[in-house]
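Using the numbering used here, you'd call the opening residue of the sequence shown number 6 and step up by one each time. We put the beta carbon where it would ideally sit given N, CA and C, even for glycine. Owing to the predicted nature of the structure, the values given are computational and were not obtained by experimental measurement.
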Amino acid sequence: GLQEGLPAALDGRIKVGDVLVRINHNPRPRDLHSVVAKLQGDVGEAVRLTLDRPELSPAGTYDVTLVRLPMPDTPPRETELSRAQAAAQRAREEKDKSNLCRVCMPVL
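Spelled out as C-alpha coordinates, the structure:
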(Lines of atoms letter the chains of each structure in order from A and count residues from 1; the text may use other names and numbers.)
(Lines give C-alpha, C1' and ligand atoms only; values in the text may rest on other atoms or scores of the structure.)
Protein backbone atom coordinates (compact mmCIF):
# COMPACT_ATOMS: atom_id res chain seq x y z
CA GLY A 1 0.00 0.00 0.00
CA LEU A 2 0.89 3.66 -0.09
CA GLN A 3 3.11 4.80 2.75
CA GLU A 4 2.97 8.40 3.89
CA GLY A 5 6.13 10.39 3.17
CA LEU A 6 7.44 8.09 0.44
CA PRO A 7 7.71 9.10 -3.24
CA ALA A 8 4.55 7.29 -4.41
CA ALA A 9 2.36 8.98 -1.79
CA LEU A 10 4.05 12.37 -2.17
CA ASP A 11 3.55 12.32 -5.96
CA GLY A 12 -0.23 12.20 -5.62
CA ARG A 13 -1.01 10.34 -8.86
CA ILE A 14 -1.13 6.88 -7.25
CA LYS A 15 -4.28 6.17 -5.24
CA VAL A 16 -5.21 3.58 -2.63
CA GLY A 17 -6.65 0.63 -4.56
CA ASP A 18 -4.38 0.98 -7.59
CA VAL A 19 -2.74 -2.32 -8.49
CA LEU A 20 0.95 -2.46 -9.40
CA VAL A 21 1.31 -4.31 -12.73
CA ARG A 22 4.88 -3.57 -13.90
CA ILE A 23 8.12 -2.13 -12.53
CA ASN A 24 10.46 -0.63 -15.14
CA HIS A 25 8.56 -2.44 -17.94
CA ASN A 26 8.93 -5.84 -16.22
CA PRO A 27 6.00 -7.81 -14.78
CA ARG A 28 5.55 -7.32 -11.05
CA PRO A 29 7.03 -10.22 -9.08
CA ARG A 30 4.53 -12.32 -7.14
CA ASP A 31 6.16 -12.13 -3.71
CA LEU A 32 6.38 -8.92 -1.64
CA HIS A 33 10.12 -9.28 -0.93
CA SER A 34 10.91 -9.27 -4.67
CA VAL A 35 8.59 -6.30 -5.28
CA VAL A 36 10.33 -4.29 -2.56
CA ALA A 37 13.76 -5.24 -3.95
CA LYS A 38 12.75 -4.00 -7.43
CA LEU A 39 11.34 -0.74 -6.04
CA GLN A 40 14.46 0.05 -4.03
CA GLY A 41 17.50 1.59 -5.64
CA ASP A 42 19.88 4.50 -5.53
CA VAL A 43 18.55 7.87 -4.46
CA GLY A 44 17.89 10.04 -7.51
CA GLU A 45 17.27 7.14 -9.91
CA ALA A 46 13.93 6.95 -11.70
CA VAL A 47 11.56 4.00 -11.43
CA ARG A 48 8.66 3.54 -13.84
CA LEU A 49 5.50 1.94 -12.49
CA THR A 50 2.57 0.67 -14.51
CA LEU A 51 -0.57 0.59 -12.41
CA ASP A 52 -4.10 -0.63 -12.96
CA ARG A 53 -7.04 1.50 -11.84
CA PRO A 54 -10.25 -0.31 -12.81
CA GLU A 55 -12.34 2.85 -13.22
CA LEU A 56 -9.99 4.22 -15.89
CA SER A 57 -10.94 3.44 -19.43
CA PRO A 58 -10.30 1.91 -21.87
CA ALA A 59 -7.25 -0.05 -20.71
CA GLY A 60 -7.42 0.87 -17.03
CA THR A 61 -3.63 1.07 -16.78
CA TYR A 62 -1.40 4.10 -16.52
CA ASP A 63 2.30 4.77 -16.05
CA VAL A 64 3.99 6.86 -13.39
CA THR A 65 7.71 7.63 -13.28
CA LEU A 66 9.01 8.46 -9.81
CA VAL A 67 12.44 9.52 -8.62
CA ARG A 68 13.75 7.57 -5.66
CA LEU A 69 14.16 9.65 -2.51
CA PRO A 70 16.02 8.87 0.72
CA MET A 71 13.91 6.88 3.15
CA PRO A 72 12.65 9.04 6.03
CA ASP A 73 14.96 9.03 9.05
CA THR A 74 17.70 7.21 7.13
CA PRO A 75 20.73 8.73 5.42
CA PRO A 76 20.98 8.29 1.65
CA ARG A 77 23.11 5.39 0.51
CA GLU A 78 26.66 6.32 -0.39
CA THR A 79 27.65 6.07 -4.02
CA GLU A 80 30.88 4.36 -4.99
CA LEU A 81 32.57 7.76 -5.39
CA SER A 82 31.41 9.09 -2.03
CA ARG A 83 32.50 5.83 -0.33
CA ALA A 84 35.94 6.23 -1.89
CA GLN A 85 36.08 9.88 -0.84
CA ALA A 86 35.02 8.97 2.71
CA ALA A 87 37.68 6.24 2.88
CA ALA A 88 40.36 8.66 1.67
CA GLN A 89 39.28 11.23 4.26
CA ARG A 90 39.41 8.59 7.04
CA ALA A 91 42.91 7.56 5.90
CA ARG A 92 44.08 11.21 6.00
CA GLU A 93 42.62 11.63 9.49
CA GLU A 94 44.28 8.44 10.71
CA LYS A 95 47.61 9.57 9.25
CA ASP A 96 47.23 12.97 10.95
CA LYS A 97 46.47 11.25 14.27
CA SER A 98 49.49 8.96 14.00
CA ASN A 99 51.77 11.92 13.18
CA LEU A 100 50.36 13.88 16.09
CA CYS A 101 50.92 11.01 18.49
CA ARG A 102 54.55 10.61 17.45
CA VAL A 103 55.19 14.33 17.93
CA CYS A 104 53.47 14.50 21.32
CA MET A 105 54.95 11.36 22.88
CA PRO A 106 57.94 11.98 25.15
CA VAL A 107 61.16 10.25 24.23
CA LEU A 108 62.56 8.18 27.11
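Burial state of residue i (16 or more Cβ within 10 Å)
i	result
residue 37	exposed
residue 68	exposed
residue 13	buried
residue 7	exposed
residue 61	exposed
residue 95	exposed
residue 56	buried
Chain-order list of residues whose beta-carbon lies under 8 Å from that of residue i (same chain, five-residue window excluded)
i	result
residue 40	25, 28, 33 and 34
residue 50	72 and 73
Secondary structure of residue i, DSSP reduced to three states
i	result
residue 12	helix
residue 97	helix
residue 7	coil
residue 74	coil
residue 129	With the chain running from 6 to 113 in the structure shown, residue 129 is simply not present.
residue 43	helix
Residues sharing a beta bridge with residue i, DSSP
i	result
residue 27	32 and 55
Identity of the residue in the options nearest residue i by Cα
i	options	result
residue 46	9, 57, 96 and 71	71
residue 31	99, 93, 11 and 54	54
residue 22	97, 99 and 59	59
Heavy atom of the ligand SAM within 6 Å of residue i beta-carbon
i	result
residue 48	Ligands are entirely absent from the displayed structure, and the ligand SAM is therefore not among its contents.
Residues of its chain near residue i, where Cβ-Cβ distance is below 6 Å and the 5 sequence neighbours each way are ignored
i	result
residue 63	none
7 Å CB neighbourhood of residue i in its chain, flanking five on each side removed
i	result
residue 106	Any reading at residue 106 needs caution, since the residue's pLDDT is 42, under 50, leaving its predicted position unreliable; the model's value is listed next. Hits under 7 Å: none found.
residue 66	26, 55, 56 and 57
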